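Numbering (the working numbering), first residue to last: 52 to 350.
In what follows, a single structure is set out as structure tokens and then discussed.
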């Protein structure tokens with residue numbers, strides 16, 4: 052509890068909060084695992100919605116429109132490569148599909164949306180989520196120092212984080228540690244990518260004739276509403292700035308909760324083949340997007 056409260060302090064960075072959470076989860080153990088997981092999910096959604104107060108709606112529109120092409124290509128290519136890796140590594144088809152979709156779109160949210168449509172079993176879902184969440188934790192720790200070592204600009208890092216990291220929480224956490232400009236761009240691009248949950252699940256439901264329903268992530272609409280308010284009422288800049296600051300601090304607390312939810316049981320549940328599949332696909336996506344960004348293919 053003391054570490055959780057400490058995460059609210061303004062000088063505690065995202066990386067420190069995540070590290071403290073991991074220490075609690077792996078070394079000490081988290082007796083409120085389920086409660087922590089639910090709280091982190093809700094707090095993340097509220098935090099992401101609050102980040103909209105820091106961006107004008109025009110900037111959101113321009114960023115989303117500019118990224119449409121590489122978003123579509125990236126999602127299709129990632130899923131295709133992931134399914135091929137799954138067959139090569141002899142990973143169960145459902146598990147490989149969930150890890151591929153989670154890597155391509157937005158991690159756990161995409162996995163949760165697609166799982167019922169492909170009739171995935173509980174074990175497939177658990178293993179896929181554990182793989183993605185494990186790699187998310189690695190990304191939070193590795194991406195910011197790697198970005199600095201490579202000399203990436205705020206824009207380059209924001210794009211890379213949004214395209215190469217699975218979950219919105221980790222994208223926001225890594226980019227927040229890198230800088231405010233990277234945070235704004237990464238959040239916008241990632242939310243635009245997360246919106247593809249809807250067409251992806253609708254398309255899959257149509258192909259399988261399962262009649263499944265796609266849930267649109269409400270926090271994307273809330274993010275856009277917050278951005279629209281900031282643009283429509285610029286005279287209330289002090290209020291929007293305060294709400295944006297609260298959202299950023301709430302993200303730090305969220306990262307502590309996410310780290311605390313990673314325990315030894317989760318690591319054991321991953322297994323070697325699904326982990327190898329998720330790691331290999333992630334390395335291909337991460338290195339491929341990094342090269343494309345540095346070379347100016349993705350701007």
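Beta carbons are placed, not taken as given, at the ideal position from N, Cα and C, and that holds for glycine.
The structure displayed is predicted, hence computed values, not measured ones.
Inside the region 96-149 only - alpha helix (DSSP H) runs reaching at least 4 residues: 108-117 and 119-139
Selected residue, minimal CA-CA separation from residue 187, among 73, 205, 94 and 346: 73
For the alpha helix (DSSP H) containing residue 344, name the first residue and the last one. 323-345
Using 8 Å as the Cβ pair cut-off and three pairs as the minimum, do the region 93-105 and the region 319-333 touch? no
Taking the alpha-carbon positions, what's the residue 350 to residue 91 distance? 32 Å
Through-space distance from residue 140 to residue 104, alpha-carbon basis: 44 Å
Coil, strand or helix - residue 67 by DSSP: helix
Tell me which residue opens and which closes the alpha helix (DSSP H) that residue 222 is part of. 219-229
With a threshold of 6 Å on Cβ separation, who are the neighbours of residue 205 within its own chain once the five nearest residues in sequence on each side are excluded? 230, 232 and 233
Given a cut-off of 7 Å on the beta-carbon distance, is the pair residue 136 and residue 332 in contact? yes
Residue 94 and residue 278 closer than 7 Å at C-beta: no
Quick check on residue 328: buried or exposed, where buried means 16 or more other Cβ atoms within 10 Å of its Cβ? buried
Touching by the beta-carbon criterion (3+ pairs, under 8 Å), the region 214-224 and the region 333-343: yes
By Cβ distance, which residues of its chain are closer than 7 Å to residue 142, with the 5 residues on each side in sequence left out? 324, 325 and 328
Taking all protein chains shown into account, do 16 or more other C-beta atoms lie within 10 angstroms of the C-beta of residue 155, making it buried, or fewer, making it exposed? buried
Residue range of the alpha helix (DSSP H) that includes residue 304: 288-311
Check residue 168 in the structure and name its three-state DSSP category. coil
Who are the Cβ neighbours of residue 146 in its own chain at under 6 Å, not counting the five residues just before and after it? 175, 178, 179 and 325
Considering only their Cβ atoms, is the gap separating residue 161 from residue 153 smaller than 7 Å? yes
Hey, residue 244 and residue 122: beta-carbon distance below 7 Å or not? yes
From 149, 82 and 223, residue whose alpha carbon lies closest to that of residue 248: 149
Rounded straight-line distance, which links the Cα of residue 275 to that of residue 300: 20 Å
Please check the pair residue 221 and residue 305, which I expect to be a contact at CB under 8 Å, by giving their CB distance rounded to whole angstroms. That belief does not hold up - the Cβ atoms of residue 221 and residue 305 are roughly 10 Å apart, past 8 Å.
My output table needs one value for residue 210: the three-state DSSP class, helix, strand or coil. helix
Residue burial classification, residue 201 (beta-carbon count within 10 angstroms, cutoff 16): exposed
Leaving out the 5 sequence neighbours to the left and right, which residues in its chain are closer than 8 Å to residue 120 when beta-carbon positions are compared? none
Residue closest to residue 224, alpha-carbon to alpha-carbon, out of 207, 246, 189 and 203: 189
What would DSSP say about residue 244, mapped onto helix, strand or coil? helix
Kindly list the residues whose CB is nearer than 7 Å to the CB of residue 429, restricted to its own chain and excluding five residues on each side of it in sequence; keep chain order. Absent from the structure is residue 429, since the part of the chain shown begins at 52 and ends at 350.
C-alpha gap between residue 341 and residue 124, whole angstroms: 15 Å
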